[in-house]
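Numbering of the sequence shown is given in the numbering used here, commencing with residue 53 and proceeding in unit increments.
Structure record follows, encoded as structure tokens.
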Amino acid sequence: MAEAALVLVTVFVPANLAALGRTPLAVVTVLLALWGVALLRPWTEWRAGQWGRAVAQVLLYLLALGASTGSSWFMEPSQLPARLGVTHARATPAGARITAVTPGQPADGRLEVGDRILSLDGAPLSSTNPEEDLRTRVREAGGGASTDLRFTLERAGEVREVTVPVGPARNARLFQPGAMTWLCLRALGMSLLVALLLWRNGQGLAQVGLGREGLGKELLLGLPAIPATYAVHIAASLPLAAIAALFKLAGKETLARKEVATALVDMGLSVPVFAAAMVLVTGFEELAFRGFLVPRLRVVLDNWYAAVLVSAALFGLGHVYEGTLAVFQTAALGAWFGFVFLYRTRLPSVMVAHAAFNTLNFALMLWLQRSGLLEKLTSQLTPQ
């Protein structure tokens, strides 16, 4: 179980400590390095005269740890300078009212607290969701390049026009936090870590459901698992939607999902590139949470179904950034993938279904965003 704990801690802890600074991150990284070396026991080979093998174990583990935690150490700050530098809220009877102006930002000295923005570049703000409309149009103005924003606003009962020069919009970059490159490096590092732990125990890929026998058949079985995955997703979503409506969480949850969708779309990836990345990312998730973790939890819990459910709960917690209810939705999917793994005792079909599910959702989000439907749908679901 110590091996499963090492994998889980490496997945969850470093990324969440990055915001606290270098010192706690360094402490945790050193502890993970010592923990991993203790589990690998390279001194056994060293004492047997197999020095090269002992050194290779340590170097490969440090490589795996570095790839798994690299984003926590080297990612760029997520808070880039704001393009406009204001906060705003819905105004009455129409428009968006400026509630704060950040000193030193482009709007400083041009826009004032209390200004009611009526239109931008001659086009009135949306009457249903002016705040989101203003935010989107400021971000997309000038195609993202430096430009002048021409506001029509009401100040002290007088309508006037104010022009604000702004710099380029924030763009997703290769090594920006959350960029797919870091996710792929993390997936490779974690997969190498799992492989080292398996090797240390005298196990192979067959013990985590990745044996070569019948591989083609297993990959093909992933195809009917795709619509079944959507059926599980919908079945989990319906009661959660009712709970969201009951506790008035729909607006908050919708905004959280929209932020994730926008961040993914803003990476600028094509669908084929995203699909290739998902082979790595979802492959690691299935290897770690189903192939590696479920059998070890079964030893502790003495029940396969309990092991699947606990693994699914941990998998759901890894998606808390998508919103509270998303944790339960993802846990339901994790349970589904876990039960398929139990039934087949193989991972390829689950990997195919998981990667296809994510890729199809990304393609849908891309289409919704480019067609403008994403804004319309979220504005209708968000309480005004």
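Note that beta-carbon positions come from the ideal geometry of N, C-alpha and C, so glycine has one too.
Nothing here was measured: the structure is a model prediction, and the numbers come from that model.
Once the 5 residues before and after residue i are set aside, which same chain residues still bring their CB inside 7 Å of it?
| i | result |
| --- | --- |
| P129 | Because the pLDDT of P129 is 46, which lies under 50, any placement of that residue in the model is unreliable, and the number read from its coordinates should be weighed accordingly. Closer than 7 Å at Cβ, skipping near neighbours: no residue. |
| G88 | L58, Y113, L117 |
| R189 | L172 |
| V317 | M417, L418, Q421 |
| T151 | T139, H140, A141, V165 |
| L257 | G263 |
| R398 | G261, E270 |
| P217 | P158, D200 |
| V65 | V80 |
| T18 | No answer is possible for residue 18: the residues shown for the chain start at 53 and end at 436. |
| A383 | A364, A365, F367, G368 |
| L361 | A387 |
Does the beta-carbon of residue i have 16 or more other beta-carbons within 10 angstroms, so that it is buried, or is it exposed?
| i | result |
| --- | --- |
| S322 | exposed |
| T180 | exposed |
| F336 | buried |
| F126 | exposed |
| T306 | buried |
| W234 | buried |
| F344 | buried |
| D354 | exposed |
| L298 | exposed |
| S178 | buried |
| E184 | buried |
| A313 | buried |
Short of 6 Å in beta carbon distance, which residues of its chain neighbour residue i, apart from the five on each side in sequence? Order them along the chain.
| i | result |
| --- | --- |
| R252 | L92 |
| S198 | G219, P220 |
| Q131 | Low per-residue confidence applies at Q131: pLDDT is 43, beneath 50, and the placement is therefore not dependable enough to give any value. |
| V402 | E338, F389, V392, F393 |
| L30 | As shown, the chain starts at 53 and ends at 436. That puts residue 30 outside it, with no answer to give. |
| F367 | F341, G386 |
Enumerate in chain order the residues of its own chain whose CB-to-CB distance from residue i is below 8 Å, with the five nearest sequence positions on each side excluded.
| i | result |
| --- | --- |
| A90 | none |
| R149 | H140, A141, R142, A143, G166, D167, R168, I169 |
| L240 | A119, L332, F336 |
What residues are listed by DSSP as bridge partners for residue i?
| i | result |
| --- | --- |
| P217 | D200 |
| S178 | DSSP output for S178 lists no bridge partner at all. |
| S171 | P176, T204 |
| E210 | R207 |
| V453 | The question about residue 453 has no answer here: the residues shown for the chain are numbered 53 through 436. |
| A148 | R142, I169 |
| V153 | V138 |
Our contact map puts residue i next to residue j with C-beta atoms below 8 Å; I'd like the distance itself, whole angstroms only.
| i | j | result |
| --- | --- | --- |
| P400 | L275 | Incorrect: roughly 11 Å between the Cβ atoms, too far for contact. |
| I278 | F409 | 7 Å |
| A378 | R309 | 7 Å |
| A159 | L136 | 5 Å |
| M242 | S120 | 5 Å |
| A231 | M330 | Contact doesn't hold; Cβ gap of about 14 Å is too wide. |
| Q259 | L250 | 7 Å |
Indicate, with yes or no, if the ligand ADP has a heavy atom lying under 6 Å from the CB of residue i.
| i | result |
| --- | --- |
| G209 | Among the components of this structure there are no ligands whatsoever, and the ligand ADP is therefore not found. |
query: Where in the stretch 60 to 117 do unbroken runs of the beta strand (DSSP E), each at least 3 residues long, occur, reported from the N-terminal end onward?
result: none
task: May I have a chain-ordered list of the alpha helix (DSSP H) segments no shorter than 4 residues that lie completely inside the stretch 355 to 394?
output: 356 to 369
query: Unbroken alpha helix (DSSP H) runs of length 4 or more, entirely within the stretch 303 to 352: which are they?
result: 323 to 337
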